[in-house]
Amino acid sequence: MQRFQESASKRDFARHYLDYLATLMAKLDCGVIERIIETFLAAGERGSTIHFLGNGGSAATAAHFANDIGFGTRAAGHPPFRVRSLADNLAVVTALGNDEGFSEIFVRQLEGVLRPEDVVVALSVSGNSPNVVRAVEYAREVGAVTIGCTGFDGGKLRGLVDIDLHVPTPKGEYGPVEDIFQVLDHLVYTYLKLHRRGRL
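Following the numbering used here, the numbering of the sequence shown begins with 11 at its first residue and continues without gaps.
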């Protein structure tokens, strides 16, 4: 990440990094974020399940997202959001990875469970993770709504999803993209929490 290597001090490094994040956030399409919020609200009202998935840091964000949406938004008079993070169960993930191959760990968890009214949220910085792509392809076959969060050039995932949140960055800049994914989580979660508590 050449842009940060020219920092004269640790303070300069911190400032350059934060300024870069601000630049990336300013480029986000708020119309896409609005569609994500609306999709989650509709899913919550009809009792649909929102399935989150990703690998590595994106798996951690998927788990965080599911926790925030599923438990942080609870309010009297509203059914809780039904959420699921597909990377969380180590026994399931390792069994599927060992027996059927790592590319199958998400799609096998969706088979027979995913409904057309459900939502699949796929987080992949490269957009090319085979297990993520396989899961989204299956979701499209079922007719579920698909949301993709990507970085770099978006990879294959950008062309597959119904709602595409893209953070355009040079290849290799995983950290800043994952930072933006986490901001998206907290932005959406905060809106849903306030909305359900009658403050929006």
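Built from N, CA and C at the ideal position, the CB exists for glycine as well. As the structure is a prediction and not an experimental result, all values here were calculated from the model.
For residue i, the three-state DSSP class (helix, strand or coil)
| i | result |
| --- | --- |
| Leu38 | coil |
| Ile115 | coil |
| Val198 | helix |
| His88 | coil |
| Asp172 | coil |
| Arg1 | The structure shown does not extend to residue 1, since the chain spans only 11 to 210, so no value can be given for it. |
| Ala97 | coil |
| Glu121 | coil |
| Pro186 | helix |
Under 8 Å between C-beta atoms of residue i and residue j
| i | j | result |
| --- | --- | --- |
| Tyr199 | Thr49 | no |
| Gly69 | Ala97 | Per the sequence presented here, residue 69 reads as Ala, with Gly not at that position. Yes, they are a contact pair. |
| Ile79 | Tyr201 | no |
| Gly165 | Asn138 | yes |
| Ala132 | Leu63 | yes |
| Glu110 | Arg118 | yes |
Boundaries (first-last residue) of the alpha helix (DSSP H) holding residue i
| i | result |
| --- | --- |
| Val146 | 140-152 |
| Leu100 | 100-110 |
Other residues of its chain near residue i: CB distance less than 8 Å, five sequence neighbours each side excluded
| i | result |
| --- | --- |
| Gln192 | Thr71, His74 |
| Arg207 | Ala85 |
Own chain, CB closer than 7 Å to residue i, minus 5 neighbours either side, in chain order
| i | result |
| --- | --- |
| Val187 | Val135, Gly161, Val177, Thr179 |
| Leu30 | Reading off the sequence shown, one finds Tyr at residue 30, where the question assumed Leu. Around Tyr30: Arg13, Pro186. |
| Arg150 | Thr156, Leu170 |
Residue range of the beta strand (DSSP E) that includes residue i
| i | result |
| --- | --- |
| Thr160 | 155-160 |
| Val130 | 129-134 |
Residues near residue i by beta carbon distance below 6 Å, same chain, minus five either side
| i | result |
| --- | --- |
| Ser95 | Phe62, Ala72, Ala73, Ala76 |
Whole runs of the alpha helix (DSSP H) within the region 20-71, excluding any shorter than 4 residues:
20-36, 40-56
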